[in-house]
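Please read the structure below before turning to the comments.
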Amino acid sequence: MHEYIWSPQNPLYLCLEVNYAKISAAVSLFDLCSTDDTQKVLCLVLEAYAAACQNAQIQIGEWRNSTFCPVSCPLNSHYKSCGSACPATCEDPFSARSCILACLETCQCDPGFVLDGDTCVPLSQCGCTHNGYRYHINQIFWADEGCTEKCVCDPHTHQTQCHLDYCGPNEYCGLQYGVRSCVPHHQQTYMYTGHHIVPFDQHDHDLHGTCHYQLLGICGQKQGLDAIQVYVQTVGHLESALNVLQCEWCACGKNTESTEVDGVKRNMLYLFSPTTLAFSLGLHTYIYTDNGFEFSLSKEGIVSISLSSKYANATCGLCGNFNSDPANELTANGPEEHLSPEHFGKAWRSGQNPWCVEGCLGGSCPKCSSERLARFSDLEACGKILEVNGPFRNCHGKVDPSSFYKHCISDLCLHRGLQPALCHSQAEYTAVCLSYKATVYAWRSPGFCYPSCPSSTSYSMSSASIPLCLGCKNNTVEMPPNVGENCLC
Ligand SMILES: [Ca+2]
Numbered sequence: 003m004h005e006y007i008w009s010p011q012n013p014l015y016l017c018l019e020v021n022y023a024k025i026s027a028a029v030s031l032f033d034l035c036s037t038d039d040t041q042k043v044l045c046l047v048l049e050a051y052a053a054a055c056q057n058a059q060i061q062i063g064e065w066r067n068s069t070f071c072p073v074s075c076p077l078n079s080h081y082k083s084c085g086s087a088c089p090a091t092c093e094d095p096f097s098a099r100s101c102i103l104a105c106l107e108t109c110q111c112d113p114g115f116v117l118d119g120d121t122c123v124p125l126s127q128c129g130c131t132h133n134g135y136r137y138h139i140n141q142i143f144w145a146d147e148g149c150t151e152k153c154v155c156d157p158h159t160h161q162t163q164c165h166l167d168y169c170g171p172n173e174y175c176g177l178q179y180g181v182r183s184c185v186p187h188h189q190q191t192y193m194y195t196g197h198h199i200v201p202f203d204q205h206d207h208d209l210h211g212t213c214h215y216q217l218l219g220i221c222g223q224k225q226g227l228d229a230i231q232v233y234v235q236t237v238g239h240l241e242s243a244l245n246v247l248q249c250e251w252c253a254c255g256k257n258t259e260s261t262e263v264d265g266v267k268r269n270m271l272y273l274f275s276p277t278t279l280a281f282s283l284g285l286h287t288y289i290y291t292d293n294g295f296e297f298s299l300s301k302e303g304i305v306s307i308s309l310s311s312k313y314a315n316a317t318c319g320l321c322g323n324f325n326s327d328p329a330n331e332l333t334a335n336g337p338e339e340h341l342s343p344e345h346f347g348k349a350w351r352s353g354q355n356p357w358c359v360e361g362c363l364g365g366s367c368p369k370c371s372s373e374r375l376a377r378f379s380d381l382e383a384c385g386k387i388l389e390v391n392g393p394f395r396n397c398h399g400k401v402d403p404s405s406f407y408k409h410c411i412s413d414l415c416l417h418r419g420l421q422p423a424l425c426h427s428q429a430e431y432t433a434v435c436l437s438y439k440a441t442v443y444a445w446r447s448p449g450f451c452y453p454s455c456p457s458s459t460s461y462s463m464s465s466a467s468i469p470l471c472l473g474c475k476n477n478t479v480e481m482p483p484n485v486g487e488n489c490l491c
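Residue numbers (our numbering): 3 to 491.
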């Protein structure tokens, strides 16, 4: 090998004056330790040697070929033993012309191609540079950390075109997969059933009482949030709970003409404004607003509120403080406070109603006999919630059924086994399951909690979205999937 290198036929022969032994020792000692492929080591040595020769302005020949120390170059480039040290780039396509550096071994872009970062692209595909960062042609990006300046890399001028812009009302400016973007706020659901609360932070507890309560308010200093307030009042008896719950926005419009649900015309109360849609459909009354507030009230008196996470840390009322900490839900004056469920309920009581009752009627909630407990835990009663192959089987992994099962039994005790209490308990677990996008199979049947649906509609547990066409406004609204049970055409 030594003879080959120093024979006059060798392309490196002219480089005798550069000290080969020194470079060889420096490169090969290190590389021989990590590999036993002698040609690979020799190639590395010769590569370093060739670079030193070129650095010393000594012309060398093509010392590589397809079998000896070959180089594979990336797409759209080729090997040059003496290529320009100032390769053409998108920023400076003619940089090689004025280059004064010594040539070097390199992969050089094919004719018509220039370097964009570390890849060779046709000159026409060059992107843009903005504030020192490279962007592809047609790439749309935010140029600032606050998402106020939106830019696009123009494919013709290779310059960025920018304009003022901002994120939508239900988005925030943040990093998504490392890219600055308008990221949608996620929704979190709250549920109130009249005697059971699942707050935004998911620490569920009981609240019995027939007073007027604030369910949701916006408190604190957070900027840019709309004021939302929801109040409820229920009575302790389930039989009449169906039409007792009230909320401020539930008075719907009177226009029932030319409303289509799922393609079929029907009478339906609704109210439509540019920012709010409220309507009653089958078992529920819904309110949707464009600021991330979704409300539903079922005929069984179950309130579900889904709120955008932009309201995190800013809510108050029975729905809790929405601060992702389940340990500090029962508060009225800051997260350090720890109230009992009764005092928590009292703290969010509103309005004057001298006849309402805090807690269960008579001061204590009734206890169940063991004979009744056994009956209520049966598969035909509350046991259905836990049934492994029952209608809630797909929800068990998403929402722990045990507390709903316990509530079901205590509600049946409270209401002495009346069927509406059982329907209410199962509807409660259904509502939470659907809010967690779990599939619930039909559990009502004629004779058991069967809802009375308007004519030409029937009870459905469909989880698909439903198109609503509100005729007089010429608006089609796509109801989100999993809104709950309903009466559909
Ligand atoms: Ca909390």
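Built from N, CA and C at the ideal position, the CB exists for glycine as well.
Residue i to residue j span [Cα, whole Å]
i	j	result
Ala429	Glu302	8 Å
Phe324	Phe96	59 Å
Cys489	Phe295	23 Å
Leu14	Ser100	27 Å
Cys397	Phe378	21 Å
Gln61	Cys17	8 Å
Arg418	Asp208	18 Å
Asn315	Gly222	8 Å
Trp445	Ala433	13 Å
Ile102	Leu166	43 Å
His132	Val185	23 Å
Pro403	Cys451	20 Å
Ala50	Tyr174	52 Å
Ala243	Asn172	Unreliable positioning characterises Ala243 in this predicted model, as indicated by a pLDDT of 32, which lies under 50. The coordinate reading is nonetheless provided below. Each residue's Cα considered, the two are about 34 Å apart.
Tyr22	Ala52	10 Å
Ile289	Ala280	4 Å
Ile387	Leu341	30 Å
Closest by C-alpha distance to residue i, when choosing among the options
i	options	result
Leu420	Tyr443, Ala383, Gln204 and Cys175	Ala383
Arg66	Pro76, Phe406 and Val47	Val47
Phe70	Ser306, Thr40 and Gly392	Thr40
His197	Asn396, Thr291 and Cys213	Cys213
Gly365	Cys105, Leu117, His210 and Thr191	His210
Tyr233	Arg418, Cys370 and Leu299	Leu299
Asp228	Thr278, Asp208, Thr195 and Val73	Thr278
Gly2	Glu49, Ala145, Leu436 and Leu424	Residue coverage of the chain in this structure runs from 3 to 491, which leaves residue 2 outside it and unanswerable.
Gln127	Ala104, Cys92 and Trp445	Cys92
Gly548	Gln59, Arg351 and Tyr174	Nothing about residue 548 can be read from this structure; the chain reaches only from 3 to 491.
Cys362	Leu416, Ile387, Gly119 and Gln189	Leu416
Gln354	Cys164, Gln163 and Tyr215	Tyr215
Val181	Glu339, Ala145, His160 and Gln161	Ala145
Lys224	Val185, Asp203, Ser311 and His286	Ser311
Ala104	Gln231, Pro171 and Cys55	Cys55
Asn293	Asn335, Val359, Leu283 and Gly170	Gly170
Asp118	Ile411, Pro89 and Phe143	Pro89
His59	Tyr168, Cys84 and Asn172	According to the sequence as given, residue 59 is Gln; it is not His. Of the listed residues, the one whose Cα sits closest to Gln59 is Cys84.
Arg395	Tyr431, Gly322 and Asn335	Tyr431
Thr159	Glu64, Gly129 and His187	Gly129
Thr150	Gly449, Tyr168 and Val442	Tyr168
Ala349	Leu381, Leu332, Gln161 and Ala87	Leu332
Same chain only: Cβ atoms within 8 Å of residue i, ignoring 5 sequence neighbours per side
i	result
Ala79	Position check: residue 79 holds Ser in this sequence, whereas Ala was assumed. Hits under 8 Å: Cys109, Gln110, Cys111, Asp112, Phe115 and Cys122.
Ser405	Asp206
Thr317	Phe202, Leu218, Gly219, Ile220, Cys221, Leu309, Asn323 and Phe324
Residues sharing a beta bridge with residue i, DSSP
i	result
Lys82	Thr108
Ile304	Looking at the DSSP assignment, Ile304 forms no beta bridge with any residue, so it has no partner.
Gly211	Glu360
Gln163	Val154
Ser298	Tyr288 and Ser306
Pro124	Phe115
His132	Tyr135
Arg182	Leu177
Contact test: residue i Cβ vs ligand 1 heavy atom, cutoff 7 Å
i	result
Pro343	no
Asn323	yes
Glu338	no
Asp206	no
Glu296	no
Pro328	yes
Asp292	no
Asp203	yes
Glu331	yes
Cβ shell of residue i (< 7 Å), same chain only, five flanking positions each side left out
i	result
Glu241	With a pLDDT of 36 at Glu241, under the threshold of 50, the predicted position of this residue should be treated as unreliable, though the coordinate-derived value follows. Pro422.
Thr291	Thr277 and Thr278
Leu414	Phe378, Ala383, Cys384, Ala423 and Leu424
Same chain, Cβ closer than 6 Å to residue i, neighbours up to 5 away in sequence not counted
i	result
Gln248	Caution is warranted here: a pLDDT of 34 is assigned to Gln248, below 50, making its placement in the model unreliable, and no coordinate value can be reported.
Lys400	Tyr438 and Ala440
Asn330	Pro337
His409	His198
Gln141	Cys155
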